[in-house]
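Participant: Below are the structure tokens for one structure; questions will follow.
There are 2 protein chains.
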Amino acid sequence: MKSSGNRPPILLPAKAQYMPNDLRMLSKYWGFNLSLNPNFATEIIPNGTILPQRFLTALEQNAPKYLIPAAREFWKRIWETHQSIHEEEHLKEVAKSIGLENVEKYIEMTKSAKIRDILKQRTTEAVETGAFGAPWFVIRKEGEQNRCFWGSDRLPVVLNECGVDFVGAMKSKM
Amino acid sequence: MKSSGNRPPILLPAKAQYMPNDLRMLSKYWGFNLSLNPNFATEIIPNGTILPQRFLTALEQNAPKYLIPAAREFWKRIWETHQSIHEEEHLKEVAKSIGLENVEKYIEMTKSAKIRDILKQRTTEAVETGAFGAPWFVIRKEGEQNRCFWGSDRLPVVLNECGVDFVGAMKSKM
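Sequence lines, in order, name chains S and W. For the first sequence, this note's numbering gives the first residue as 1, with consecutive numbering after it. For the second sequence, this note's numbering gives the first residue as 175, with consecutive numbering after it.
Pasting the structure below:
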């Protein structure tokens, strides 16, 4: 988001006022339990997500079956339980809750040039496709221009481009 | 939008680059024929929409059956045929295409304190509910807090709040 010059929507006062209700309604719609972390603007944004991103990259490279469980756990900490994710201590808590052993090994990897470079390269790749926020979807098809979509609210359109109907939220547990 | 301090998304470079494709995909999804006016940032935004808004207010007060046809015609001019809407000449073209007679009468009304005041009052009312963009939906229910929604992409959520399933785009002609 930073590379694109975009600003988090919560930094605009009218949007900041709107967001908690929007999130409540979306949460009901999708069957989640998300709510706005009261420290989102003062803690989550300034602390960033570089450490968990490097941690996820280390998992993806070395223990890929933990990638999605860990990503969901980070998501839940931010959006459901309002816990921080930017310190090594938090990575250890996430590891514990998903049954990942030898967490110290993956924490060490977050400091390696290799993992940092892979993440940098992927960030550059995303920015080059035009990404300025998340989630960012790219439909790639041989001989065609990439089709890019921003936001979970574009899911009906993404599916439409894939020839599939969007029939609404599953309302099942993630 | 101005009153809220929000900025049109097209003024951010990465979003400006994203929007034409997003609009093309949304257009396909909804079965419209919309595309980004190449002069949107240089002509549509600086010229604003105050005159057509006053014109629509005059119609709503004095010839309500023309309100929706006129609003759709303004929409089509901006999003489909890429014609301007900010001058009296344009109001006359709109009137002609929807079969509205005595257009001069309604143009005169756009200059009256009464019509200007009604529009101002409604703008204030919208801003007071938290509006910072359009479309802006408000669900009002006796004894409950208003529920407000921004953007056509919130339609599934608005319907969910009304107890109705969103089953996708009708793909019929407007």
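We treat Cβ as the ideally placed atom computed from N, Cα and C, and that holds for glycine. For clarity, every value in this text was computed on a predicted model and none was experimentally measured.
Counting only C-beta atoms, is W/V331 closer than 8 angstroms to chain S at any point?
Facilitator: Translated into positions along the second sequence, residue 331 of chain W becomes position 157. So yes, W/V331 belongs to the interface.
Participant: If we define contact as Cβ-Cβ less than 8 angstroms, is W/C322 a contact residue for chain A?
Facilitator: Considering every chain present, this structure includes no chain A. Its protein chains are S and W.
Participant: Output needed for S/S84: all residues of its chain with C-beta closer than 6 angstroms, excluding positions within five of it in sequence on either side, in chain order.
Facilitator: Counting from 1 along the first sequence, the entry for residue 84 of chain S is found at position 84. Cβ neighbours of S/S84 beyond the five flanking positions: H90.
Participant: Nearest chain W C-beta to S/A14 closer than 8 angstroms, yes or no?
Facilitator: Translated into positions along the first sequence, residue 14 of chain S becomes position 14. Judged by the 8 angstroms Cβ criterion, S/A14 is in contact with chain W.
Participant: Closer than 9 angstroms by beta-carbon distance: list the chain S residues that pair up with W/Q295, in chain order.
Facilitator: Counting from one through the second sequence, the residue named residue 295 of chain W turns up at place 121. Chain S residues near W/Q295: none, gap ~19 angstroms exceeds 9 angstroms.
Participant: Three or more C-beta pairs closer than 8 angstroms, one from the region 244 to 257 of chain W and one from the region 307 to 322 of chain W: is that the case here?
Facilitator: Contact fails: fewer than three Cβ-Cβ distances are below 8 angstroms.
Participant: With a threshold of 8 angstroms between beta carbons, is S/F32 in contact with chain W?
Facilitator: Numbered from 1 along the first sequence, position 32 holds the residue referred to as residue 32 of chain S. No, S/F32 does not count as interfacial toward chain W.
Participant: Report yes or no: is there a C-beta of chain W within less than 8 angstroms of the C-beta of S/Q83?
Facilitator: One-based indexing of the first sequence puts residue 83 of chain S at position 83. Chain W contact via Cβ: absent.
Participant: According to the neighbour-count rule (16 or more other Cβ atoms, all chains shown, within 10 Å of its Cβ), is S/A14 buried or exposed?
Facilitator: For the purposes of this step, residue 14 of chain S is identified with residue 14 of the first sequence, where counting begins at 1. Buried, since its Cβ has 16 or more Cβ neighbours within 10 Å.
Participant: On the three-state DSSP scale, how would you describe W/I259?
Facilitator: In the second sequence, residue 259 of chain W corresponds to position 85, counting from 1. Coil, per DSSP.
Participant: Got a sec? Which residues, its chain only, sit under 8 angstroms from S/A169 by beta carbon, not counting five neighbours each side?
Facilitator: In the first sequence, the residue the question calls residue 169 of chain S occupies position 169. Once the five neighbours on either side are set aside, the close Cβ partners of S/A169 are Y29, W30, G31.
Participant: Is the number of C-beta pairs between the region 150 to 158 of chain S and the region 326 to 340 of chain W that are closer than 8 angstroms three or more?
Facilitator: Judged by Cβ distances under 8 angstroms, the region 150 to 158 of chain S makes contact with the region 326 to 340 of chain W, as three or more pairs qualify.
Participant: W/G304 versus chain S: which residues are under 8 angstroms apart at the beta carbon?
Facilitator: Here residue 304 of chain W refers to the residue found at position 130 when the second sequence is read from its first residue. Those are A14, Q17, Y18, listed as they occur along chain S.
Participant: Using a Cβ-Cβ distance cut-off of 8 angstroms, determine whether W/K279 contacts chain S.
Facilitator: Position 105 of the second sequence, counted from the first residue, corresponds to residue 279 of chain W. W/K279 does not count as touching chain S.
Participant: State the DSSP-derived secondary structure class of W/V268, mapped to helix, strand or coil.
Facilitator: For the purposes of this step, residue 268 of chain W is taken as the residue at position 94 of the second sequence. In this structure, W/V268 counts as helix in the three-state DSSP scheme.
Participant: Look up W/V338 in the DSSP assignment and say whether it is helix, strand or coil.
Facilitator: Reading the second sequence from its first residue, position 164 is the one you call residue 338 of chain W. Three-state result, W/V338: coil.
Participant: For S/R147, which of helix, strand or coil comes out of DSSP?
Facilitator: Here residue 147 of chain S refers to the residue found at position 147 of the first sequence. DSSP places S/R147 in strand when its eight states are reduced to three.
Participant: Give the secondary structure of S/F137 by DSSP, where H, G and I count as helix, E and B as strand, and everything else as coil.
Facilitator: In the first sequence, counting from the first residue as 1, residue 137 of chain S sits at position 137. Here S/F137 sits in strand by DSSP.
Participant: Find the residues of chain W that neighbour S/F166, judging by a C-beta separation of less than 8 angstroms, and give them in chain order.
Facilitator: Here residue 166 of chain S corresponds to residue number 166 of the first sequence, with the count starting at 1. In chain order: G342.
Participant: Does chain W have any CB closer than 8 angstroms to the CB of S/L26?
Facilitator: In the first sequence, the residue the question calls residue 26 of chain S occupies position 26. So yes, S/L26 belongs to the interface.
Participant: With 8 angstroms set as the bound, which would you pick, yes or no: does the beta-carbon of W/N236 sit closer than that to a beta-carbon of chain S?
Facilitator: For this step, residue 236 of chain W is matched to residue 62 along the second sequence. So no, W/N236 is outside the interface.
Participant: Taking buried to mean at least 16 other C-beta atoms within 10 Å of its own C-beta, is W/T298 buried or exposed?
Facilitator: Walking along the second sequence from the start, residue 298 of chain W turns up at place 124. Answer is exposed; the Cβ neighbour count stays below 16.
Participant: Count Cβ pairs between the region 105 to 123 of chain S and the region 45 to 61 of chain S that sit closer than 8 angstroms; are there 3 or more?
Facilitator: Yes, the region 105 to 123 of chain S is in contact with the region 45 to 61 of chain S.
Participant: Looking at C-alpha atoms only, which residue of W/H256, W/E262, W/K266, W/I272 is the closest neighbour of W/P243?
Facilitator: To locate residue 243 of chain W, count along the second sequence from 1; it is residue 69. When each option's Cα is compared against that of W/P243, the closest is W/I272.
Participant: Starting from S/N62 and walking both ways along the alpha helix (DSSP H), at which residues does that stretch end?
Facilitator: Looking up residue 62 of chain S in the first sequence gives position 62. Looking at the DSSP string, the run of the alpha helix (DSSP H) that includes S/N62 is 50 to 62.
Participant: Under a CB-based cut-off of 8 angstroms, is W/S299 close to chain S?
Facilitator: If you number the second sequence from 1, residue 299 of chain W lands on position 125. The question names Ser, yet the displayed sequence has Glu at residue 299 of chain W. With 8 angstroms as the cut-off, W/E299 does not count as an interface residue toward chain S.
Participant: Could you tell me which of W/L210, W/E217, W/Q235, W/N213 sits nearest to W/D291, measuring between CA atoms?
Facilitator: Here residue 291 of chain W refers to the residue found at position 117 of the second sequence. Of the candidates W/L210, W/E217, W/Q235, W/N213, the one whose C-alpha sits nearest the C-alpha of W/D291 is W/Q235.
Participant: What residues in the region 208 to 229 of chain W have a beta carbon less than 9 angstroms from any beta carbon of chain S?
Facilitator: So the list is empty, because no residue satisfies the distance condition.
Participant: Checking contacts by CB at 8 angstroms: is S/Y29 closer than that to chain W?
Facilitator: Reading the first sequence from its first residue, position 29 is the one you call residue 29 of chain S. Output row for S/Y29: interface = yes.
Participant: Any Cβ of chain W within less than 8 angstroms of the Cβ of S/N160?
Facilitator: Taking the first sequence and counting its residues from 1, one reaches residue 160 of chain S at position 160. Answer yes: the Cβ-Cβ gap between S/N160 and chain W drops below 8 angstroms somewhere.
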